[in-house]
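S.K.: Just add 6 to the spot in the sequence shown (first one is 1) and you have my numbering.
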Amino acid sequence: MDPSENAAAMRVKRLLLQHLESLSRAGVGQVPRRSPAVVAPPQLQRAPENAALAEISTRTVTPAGSEPIAHKEDATAARKPETSAKKTKSATPKKEDASKPGKAGSTATVKVEPAAAGTPAALLASIRQEVVACRLCRELAETRTQTVFGVGPDQPRLCFMGEAPGADEDAQGIPFVGRAGKLLTDMITLGMGLRREDVYILNVLKCRPPGNRTPSSAEVANCRGYFERQIEVLQPEFICCLGTVAAQALLQTTTPVGKLRGRVHTYRGAKVIVTYHPSYLLRSPDMKKEAWIDLQRLLKEMGLPIPKRQQGSSS
């Protein structure tokens, strides 16, 4: 081969190598092989380098990740027999866990909670979990035994709203238990002729203030988002606020409870009646007759009769 022929062959070889390297960087595993051809006479090997490249461009190129890539593994296995078993094992697709959400387009099954998403029960459960994790009021979060969310049906006609859990509520996780809870139950059952389980009971605060002190304005503000969303889900027709804290927090006023009594207020479409807190009534038994007047007004607004045994007990 004369020098000019040798130089042309070297240029073709160099261009072929550069093209193959670019295909490799693009992720192409292997260009299909051609059948062995008869070696042409030297005078026919002087084809220009662009003709050789044109021949390569007409071959089918397989993108990375498609089936022909297996040929690359075969070639690798031929060069390194000791690693063929590992490569074959890694090529086996893993079995998907149907209980875990998959990627877009997959058919994996996602677990569904018992309460369907968007139902009042599910929404209340979601808010409850937020309350459990809440630490906005550092003192309350560090001293509470547990949070006290609320109890009752998720679509009640009537809600009773107090100010905050006490020691008994903090211990049991249920609002209005102990002596004050017993009096509230009597107000609901004996005074109104209803069942406690038919009404929803909640507090402004979801944690007990140490020593049963009055909740601070900051604590009420931190819990506002919880009780407002709670009531929004419940959508009661009537709300009975028990005491100053509950009435002022719900109605966002500083008016004393004595002046809030005796009339019907509104909160987002619900009618609101204000009366005294059962704890206050236990300390001031003579004020029970005033609370009874408030309950009569509530019964009248609800269109319910006054229980016979209570008729005439107050004027």
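We treat Cβ as the ideally placed atom computed from N, Cα and C, and that holds for glycine.
Write down the C-beta distance between Arg214 and Arg150 rounded to the nearest angstrom, noting that I regard them as a contact closer than 8 Å.
M.R.: In the sequence shown, the residue the question calls residue 214 occupies position 208. In the sequence shown, the residue the question calls residue 150 occupies position 144. Confirmed, about 6 Å.
S.K.: Return helix, strand or coil for Phe155, following the three-state DSSP convention.
M.R.: As a first step, residue 155 is located in the sequence shown; it is residue number 149 there, counting from the start. Three-state DSSP puts Phe155 in coil, outside helix and strand.
S.K.: Determine, using beta-carbon pairs with one atom in the stretch 223-235 and one in the stretch 189-203, whether at least three such pairs fall under 8 Å.
M.R.: Contact annotation: the stretch 223-235 does not touch the stretch 189-203, with fewer than three C-beta pairs closer than 8 Å.
S.K.: When you compare the CB positions of Val205 and Pro162, do they come within less than 8 Å of one another, or not?
M.R.: Looking up residue 205 in the sequence shown gives position 199. Looking up residue 162 in the sequence shown gives position 156. For Val205 and Pro162, yes; Cβs fall inside 8 Å.
S.K.: Evaluate contact between the stretch 123-138 and the stretch 163-170, counting only Cβ atoms and requiring at least three cross-stretch pairs below 8 Å.
M.R.: no
S.K.: From Gly309 to Thr281, what does the alpha carbon distance come to, in whole angstroms?
M.R.: Numbered from 1 along the sequence shown, position 303 holds the residue referred to as residue 309. Numbered from 1 along the sequence shown, position 275 holds the residue referred to as residue 281. Computed Cα separation, rounded: 19 Å.
S.K.: Which residues in the same chain as Leu248 place their Cβ atom closer than 8 Å to its Cβ, once the five residues preceding and following it in sequence are excluded?
M.R.: The count along the sequence shown starts at 1 and reaches residue 248 at position 242. Only Phe166, Met167, Gly168, Glu169, Leu190, Thr281, Tyr282, His283, Pro284 meet the Cβ criterion.
S.K.: Secondary structure at Lys265, three-state DSSP: helix, strand or coil?
M.R.: The count along the sequence shown starts at 1 and reaches residue 265 at position 259. It is helical.
S.K.: For Met198, which option in Leu266, Asp174, Cys143, Cys246 has the closest C-alpha, if you only look at C-alpha atoms?
M.R.: Residue 198 sits at position 192 when you count from the first residue of the sequence shown. Checking every option, the nearest Cα to that of Met198 belongs to Cys246.
S.K.: Within this structure, are the beta carbons of Ala297 and Leu287 separated by less than 8 Å?
M.R.: In the sequence shown, counting from the first residue as 1, residue 297 sits at position 291. In the sequence shown, counting from the first residue as 1, residue 287 sits at position 281. The Cβ atoms of Ala297 and Leu287 sit closer than 8 Å to each other.
S.K.: Between Ile299, Val138, Lys295, Val226, which lies nearest to Val270 when the distance is taken from Cα to Cα?
M.R.: As a first step, residue 270 must be located in the sequence shown, where it is residue number 264. Closest option to Val270, Cα to Cα, is Ile299.
S.K.: Which one of Gln258, Gly268, Gly264 has the shortest CA to CA distance from Arg274?
M.R.: Along the sequence shown, one-based indexing puts residue 274 at 268. Of Gln258, Gly268, Gly264, the residue nearest in Cα terms is Gln258.
S.K.: Would Ser105 be called buried (16 or more neighbouring beta carbons within 10 Å of its own) or exposed?
M.R.: Position 99 of the sequence shown, counting from 1, holds the residue named residue 105. With a pLDDT of only 35 at Ser105, under the threshold of 50, the placement of this residue in the model should not be trusted, and no figure is reported.
S.K.: Which residues mark the beginning and the end of the alpha helix (DSSP H) in which Lys188 is found?
M.R.: Taking the sequence shown and counting its residues from 1, the one referred to as residue 188 is at position 182. Note, Lys188: alpha helix (DSSP H), 184-192.
S.K.: Any heavy atom of the ligand MN closer than 7 Å to the beta-carbon of Glu238?
M.R.: Looking at this structure, you won't find the ligand MN or any other ligand, since it has none at all.
S.K.: Determine the contact status of Val251 and Val278, defining contact as a CB-CB distance below 8 Å.
M.R.: Counting from 1 along the sequence shown, the entry for residue 251 is found at position 245. Counting from 1 along the sequence shown, the entry for residue 278 is found at position 272. Contact flag unset, no.
S.K.: If you run the structure through DSSP and keep just helix, strand and coil, what is Leu164?
M.R.: As a first step, residue 164 is located in the sequence shown; it is residue number 158 there, counting from the start. Looking at Leu164 - three-state DSSP - the assignment turns out to be strand.
S.K.: Taking CB distances under 8 Å as the criterion, tell me whether Gln236 reaches chain B.
M.R.: Chain labels in this structure do not include chain B; a single protein chain is all it has.
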